[in-house]
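Participant: Each step along the sequence shown adds one to the number in UniProt numbering, with nothing skipped, and position 57 is 57. Every residue, glycine too, gets a C-beta built ideally from N, C-alpha and C. Predicted model, so just to flag it, every value in this text is computed and none were measured. Have a look at this one before I ask anything.
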Amino acid sequence: MNELTFENQPLQLIEHEGRLWLRSPDIAKALGYARTNKIGQIYARHAEEFTPSMTAEIRCLSLGYGAPPIEMRLFSLRGAHLLGMFARTAKGMAFRRWVLDQLESIEAQNKANRSLMAEWYEAKAELDNQDRFASLCGRGLNDHKRRKPTLSQRIMQIADRMQPSLLLT
């Protein structure tokens, strides 16, 4: 997935620090702004509402020989949604709805692609936390005796799913 399309307007996805980001000029075009610097102006007016997970600034090499690198602002899908909230264009409402749909589809893909090892580590961490809790206080021991079998069973089920099955004919 290198590109998303909103109303025939391509938005290039950039991977930075393990996350997917959109370039501000692409967002400006998708929102219907004639000038791409409008996104920078919107961001400058509302910078305190953006978290570091919503926006990042990267340094890119310019194409010209001897030209200095340029700074480019990137926005996550959550940041793009917030920009759509502040935008005063006719496409703003459709863009916000589209971004939310993209977020939902990416979350669904991440759930489907979640590895069994990650699931096993989460279940094991939950069981270990329960063991620690039981050893810290006597009252937690009864709760631990009640919860431990289900947590242990969950770990065993995940471990069974991780084991490859051999088809013998």
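(1) Which parts of the UniProt domain "Bro-N" (1-113) are runs of the beta strand (DSSP E), unbroken and 3 residues or longer, counting only runs that do not cross its ends?
(2) Suppose you measure from the CA of L100 to the CA of M85; what does that come to, to the nearest Å?
(3) Nearest by alpha-carbon distance to T36: which of P25, Y43 and R45 is it?
(4) Report the CB separation of D9 from N2 in whole angstroms; it is logged as a contact under 8 Å.
(5) For Q163, does the three-state DSSP call read helix, strand or coil?
(6) If we count Cβ pairs, one from each stretch, closer than 8 Å, do we get three or more for the stretch 154-163 versus the stretch 117-132?
(7) Near A159, what residues of its chain come up, given a Cβ to Cβ distance below 8 Å and the 5 sequence neighbours on each side ignored?
(8) Within its chain, find whatever has a CB closer than 8 Å to the CB of L116; leave out the 5 residues flanking it on each side and keep chain order.
Facilitator: Well, looking at it:
(1) With a minimum length of 3 residues, the continuous beta strand (DSSP E) runs that stay inside the UniProt domain "Bro-N" (1-113) are 3-6, 9-16, 19-23, 55-60 and 70-75.
(2) If I take the Cα positions, the gap works out to 12 Å.
(3) Closest option to T36, Cα to Cα, is P25.
(4) Before going on, a small fix: residue 9 reads as Gln here, not Asp. The C-beta distance from Q9 to N2 rounds to 15 Å, too long to meet the 8 Å contact threshold.
(5) Coil at Q163, not helix or strand.
(6) Counting C-beta pairs closer than 8 Å gives three or more between the stretch 154-163 and the stretch 117-132, which meets the contact rule.
(7) So the list reads W120, once near-sequence residues are dropped.
(8) So the qualifying residues of the chain are I158, R161 and M162.
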